[in-house]
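Participant: Numbering (our numbering), first residue to last: 1499 to 1860. Cβ atoms here follow ideal geometry from the backbone N, Cα and C, with glycine treated the same way. None of these values were measured; they are calculated from a predicted model. Please find one structure pasted underneath; my questions will follow.
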Ligand code: FES
C-alpha cells in the first residue's frame, strides 16, 4: 500500500520498535523499571494502548483513507510522487507537528477532549511507554494520524517513513526517564549546542515540565509546552517554558485512580468513581461566590489561586481547571496574616479582592 524506506517492507515499524527497545533497555539498565511505581493497571494501559495503536488504529485509518481516496480522488494517488524526498519530508513533518500541537493544546482546553487525553497525565512517573497512554478515541480522531495516511496515499510514503522514525525518536526520548539532555546542561561547552537544539526539537526537560503536577515548583507547566516533535510552535504561540530542570512530582492533583478500562475506553465505559471527571453525568461545579474569602497566609509560602471558578477548595486551585482555558495564578505571600482573596474571579488585582464583586452584584 505504501512505498517503503530502503525498499524494506515495514522498515520504519522495525526502527520504531527498535527505538522503544533501546529506551526500554536504558531504563532497565538505569534501574528505573526496578524502582517503578507503576501498578499493573498502568502497565496494561500503556503497553495495551501501544499495541492497539500500532496493530489496530493506525492500520484502520490507513485502510479508510486509501479506500476513500481511491473512491473519491483516484487520480490523486501518488500525485506527490515526483516531489523531492527531502522537501516532502519537511512538508510532512511541519504540517504533522502543527496539527499535533493544536490537537494536543485543544485536549487541555476543551473538557470533552481532555477526558480522552487525561490518562496521559495520570502517569505519576515518566517512561518510554507513557508516550502511548491515551484513550483509544483520542487516537482515532487524532488529525495527524489521518494526515500520515493521506500523504502516504498522495505518494509521500518513503518521506513519511523517515519522518515517523525521527518523530518517534524525539517523542519517546522526551517521555523517557533517560534524560539524554541532562549532561548538556551541566557542561558549559555544550551550551551553544543545547541552546540551538532546545529551540528546535522537544527535549526531555521541556516535555517533562508539561507532565509536572503543579506550577508551584517553578518548573512544571501542564498548561504549556504542548509541542511533540518541534518546540517552534510553543515559541510561536506563546506557550513555551524553558527551565532546563525536571519536575519533582508528576501526575494530576486529585487523581481518583480510575480503572484502566474506563480510562482507555471512555466514553464507551465510564468510571464508577462518582467524583471522577469520566464518571457518567459528571459536571464541573461552579464554585465562584460573590463574596471574597478571608484566608490566613504565611509569609514566604507559595499558593495557587483558582482562576477557573471550578475548584472544590476555593479560593485555591485543586486541579479542576484541566480541560478549560484557565490555569491557576501562582503567588507568594509577602506577609503572614489574613487577606481577602477574590472568589468572584472578576478582580483586576488577582489574587486579591478589589471589590469587583460589588459590580457583579449590581
Ligand atoms: S482549580 Fe485550578 S484554576 Fe481553578
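1) Quick one: what does DSSP say residue 1644 is sitting in, helix, strand or coil?
2) Can you give the Cα-Cα distance for residue 1584 and residue 1654, rounded to whole angstroms?
3) Using 10 angstroms around the beta-carbon of residue 1832, count the other beta-carbons present and answer buried if the total reaches 16, otherwise exposed.
4) Can we count residue 1849 as close to ligand 1, meaning its CB is less than 8 Å from some heavy atom?
5) How about the stretch 1770–1779 and the stretch 1792–1807: do they share at least three Cβ pairs that are nearer than 8 Å?
6) Are residue 1624 and residue 1748 touching if we call contact CB-CB under 9 Å?
7) Which whole-angstrom value describes the C-beta separation of residue 1762 and residue 1641, a residue pair presumed to lie in contact below a C-beta threshold of 8 Å?
8) If I'm right that residue 1685 touches residue 1742 with Cβ under 8 Å, what's the distance once you round it to whole angstroms?
9) What residue does the beta strand (DSSP E) around residue 1800 start on, and which one ends it?
10) Just mark residue 1649 as buried or exposed, buried being the case when its beta carbon has 16 or more other beta carbons within 10 Å.
11) Please work out which residues of its chain come closer than 6 Å, Cβ to Cβ, to residue 1619, disregarding the five sequence neighbours upstream and downstream, and give them in chain order.
12) What's the call for residue 1512, buried or exposed, on a 16-neighbour Cβ count within 10 Å?
13) Suppose you measure from the CA of residue 1854 to the CA of residue 1848; what does that come to, to the nearest Å?
14) Drop a sphere of 10 angstroms on the beta-carbon of residue 1660, count the other beta-carbons inside from all chains shown, and report buried for 16 or more, exposed for fewer.
15) State whether the stretch 1664–1683 contacts the stretch 1520–1536, with contact taken as three or more CB pairs (one from each stretch) at a distance under 8 Å.
16) What first and last residue would you give for the alpha helix (DSSP H) that runs through residue 1562?
17) Tell me where the alpha helix (DSSP H) around residue 1665 begins and ends.
18) Using only alpha-carbon positions, find the residue among 1691, 1645, 1727, 1613 that is nearest to residue 1667.
19) Provide the residue(s) that pair with residue 1699 in DSSP beta bridges, ordered along the chain.
20) Determine the direct distance from the alpha carbon of residue 1856 to that of residue 1531, and round the result to whole angstroms.
21) Just jot down, in chain order, the residues whose CB lies closer than 7 Å to any heavy atom of ligand 1.
22) With residue 1609 as the anchor, note down where its alpha helix (DSSP H) starts and where it stops.
23) Measuring alpha carbon to alpha carbon, tell me which residue in 1587, 1767, 1839 is nearest residue 1787.
24) What's the gap between the Cα of residue 1526 and the Cα of residue 1549?
25) So, residue 1827 versus residue 1714, is the Cβ gap smaller than 9 Å?
26) Over what stretch of residues does the beta strand (DSSP E) that includes residue 1835 continue unbroken?
27) Contact check, residue 1643 vs residue 1559 under 8 Å by CB: the rounded distance?
28) For the beta strand (DSSP E) that residue 1827 lies in, which residues bound it at each end?
29) Suppose contacts are defined by Cβ-Cβ distances below 9 Å. Is residue 1626 in contact with residue 1541 by that definition?
30) Does the distance from the CB of residue 1841 to the CB of residue 1790 come in under 9 Å?
31) How many angstroms separate the CA atom of residue 1690 from the CA atom of residue 1594?
Facilitator: Let me lay it out:
1) DSSP places residue 1644 in helix when its eight states are reduced to three.
2) 10 Å
3) exposed
4) no
5) Verdict: no, contact absent.
6) yes
7) The pair is not a contact, with the Cβ atoms about 21 Å apart (cut-off 8 Å).
8) With a Cβ gap of about 13 Å, residue 1685 and residue 1742 do not count as contacting.
9) 1800–1803
10) buried
11) 1750
12) exposed
13) 11 Å
14) By the neighbour-count rule (16 or more Cβ atoms within 10 Å), residue 1660 is buried.
15) Taking 8 Å as the limit for Cβ pairs, the verdict is that the stretch 1520–1536 does touch the stretch 1664–1683.
16) 1556–1570
17) 1655–1673
18) 1727
19) 1728
20) 55 Å
21) 1802, 1804, 1805, 1806, 1807, 1808, 1809, 1815, 1816, 1817, 1818, 1819, 1824, 1825, 1826
22) 1609–1620
23) For the residues 1587, 1767, 1839, the minimum Cα distance to residue 1787 belongs to 1839.
24) 21 Å
25) no
26) 1835–1839
27) 5 Å
28) 1827–1830
29) no
30) yes
31) 28 Å
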